[in-house]
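Chains as they are written, first to last, in full-length UniProt numbering: chain V, 1 to 191; chain L, 1 to 191. Ideal Cβ placement from N, Cα and C applies to all residues, glycine included. Have a look at the structure below, then the notes.
Protein chains: 2
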Amino acid sequence: MARAGLSTERLTTAGAELADEVGFDQVTVSALARRFDVKVASLYSHVRGSQDLRTRIALLALEEMADLAGEAVAGRAGREALAALGNVYRDYAREHPGRYTAAQLRLDPETAAASAGARHARLTRAILRGYALEEPDQTHAVRLLGSAFHGYVSLELGGGFSHSAPDTDTTWLRTLDALDALLRNWPAPAP
Amino acid sequence: MARAGLSTERLTTAGAELADEVGFDQVTVSALARRFDVKVASLYSHVRGSQDLRTRIALLALEEMADLAGEAVAGRAGREALAALGNVYRDYAREHPGRYTAAQLRLDPETAAASAGARHARLTRAILRGYALEEPDQTHAVRLLGSAFHGYVSLELGGGFSHSAPDTDTTWLRTLDALDALLRNWPAPAP
DNA sequence: GACTTCTACCTATAACCTTTAGGTAGTTTG
DNA sequence: CAAACTACCTAAAGGTTATAGGTAGAAGTC
């Protein structure tokens, strides 16, 4: 009875790979068992079930992205920092589509609180140091940046911009231009 | 043998209701059959399967949103039109979370081409008539608006902004302010 | 080095969802 | 009013989730 060397971590990373290959919602306990050439029930010693597996993948993705974002933003400011952060999300989503959609999984409050989610918020906020924004506009801007990045990436990933000129790479650059200009020129509330 | 009065349309709208109640990915042929108090196999005369059902719900949601967006944008221009369009998406997502996530379903190219997707693009483009944008910036702006709206709505729906000051309603208003300002002041490409 | 103990993985089982095939009872049409 | 159609059925096969309880190999103990 050769042992496959299962563990919660190995299952999580294998699940993440599986997600990237076949899509996050095709990630199933059975498919994972097949990948390890092991019976399904064996996974239940390491993972509580399919929901648990999915949230573990989501947490992994959030951490990985936060790590990359941290590196990318370090030592940069202004538009350069903005572009670095945006590129992290966009590149990650293209290299790891399954993980990226996993990261969008709705987490229950406690899990979310223990996740790398807060790090993402802090990193985005750090970028705003290069721009002159006071509270509460800073928070508004954090949310707007998050929305724009996530929205762009998820629409592009979903094929929303596909096959029509101009290509999405230049739109992405112009989007970064636009967001940079917006932050430098943050408007007062409308009357 | 009383007839339940099934039809593809009734199944689709019932499926949409179900999605709003229990979440789009909990929409299952079995659950729908239960709702009509009918055996599962009976649905397969009206719907090809669970995938077919899901895309029908997605198409319905896209149409409903496009209808609402068309009404909302008519007779408005500039910031007013921008806010009207954004509010349509946001309100729709909050009233019909299941349908909204359904609308994000990745469609195969032919289905997408026959969907209301193009109407959404046209409506967004129509809004830009109130701003002075030439091509290709107009397309970039269409994509940016789509990203910002979708990103905001989906993060808010997923609880991303939850329970932290300032409240999401004012962030939403300030986001509209910001996008309006951005469109009025669209930047030239960075050097 | 034998003995316990832990761990990794197993078989078996039950519940649920999907999908297809083929049948029967209402409803509509000529 | 018979033929044809439609709406719904039973039956069955295959896949996924999940739990309970069992066995073999590895690790620690004397």
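Check each candidate in Ala126(V), Glu95(V), His140(V), Arg90(V) and name the one with the smallest Cα separation from Leu176(V). Arg90(V)
Rounded to the nearest angstrom, how far is the Cβ of Val142(L) from that of Thr124(L), given a contact under 8 Å? 5 Å
Under 9 Å between beta-carbons, which chain L residues line up against Pro166(V)? List them in chain order, please. Glu135, Pro136, Thr139, His140
Check the C-beta distance from Ala81(L) over to Gly5(L) and give it rounded, since I have them as a contact under 8 Å. About 41 Å separates the two Cβ atoms, so there is no contact after all.
Between the CA atoms of Arg35(V) and Leu173(V) - distance to the nearest angstrom: 39 Å
Met1(L) - DSSP class collapsed to helix/strand/coil: Any reading at Met1(L) needs caution, since the residue's pLDDT is 48, under 50, leaving its predicted position unreliable; the model's value is listed next. Three-state DSSP puts Met1(L) in coil, outside helix and strand.
Roughly how many angstroms separate the alpha carbons of Asp52(V) and Tyr44(V), rounded to a whole number? 10 Å
For my contact list, Leu183(V) and Leu128(V) are in at a C-beta cut-off of 8 Å; report their separation, rounded to the angstrom. 7 Å
So that I know if they touch, is there some Cβ in chain L lying closer than 8 Å to that of Arg54(V)? no
To the nearest angstrom, how far is the alpha carbon of Met65(V) from that of Arg99(V)? 10 Å
With a cut-off of 8 Å, does the C-beta of Gln26(V) fall near any C-beta of chain L? no
First and last residue of the alpha helix (DSSP H) that includes Ala33(L)? 29-36
Under 8 Å between the Cβ atoms of Thr171(V) and His140(L)? yes
Within its chain, find whatever has a CB closer than 6 Å to the CB of Ala61(V); leave out the 5 residues flanking it on each side and keep chain order. Arg99, Ala102, Ala103
Could you say if the stretch 8-19 of chain V and the stretch 27-41 of chain V meet the contact criterion of at least three C-beta pairs nearer than 8 Å? yes
Along chain V, which residues have their Cβ under 9 Å away from the Cβ of Ala148(L)? Leu144, Ser147, Ala148, Gly151, Tyr152
Which of helix, strand or coil does DSSP assign to Gly160(L)? coil
Collapsed DSSP secondary structure at Asn185(L) in the structure displayed: coil
How many angstroms separate the CA atom of Ala190(V) from the CA atom of Ala14(V)? 50 Å
Compare the C-alpha of Ser42(L) against each of Val22(L), Thr55(L), Ser7(L), Leu59(L) and name the closest. Ser7(L)
Show which residues of chain L have a CB atom less than 7 Å away from the CB atom of Gln104(V). Gly158
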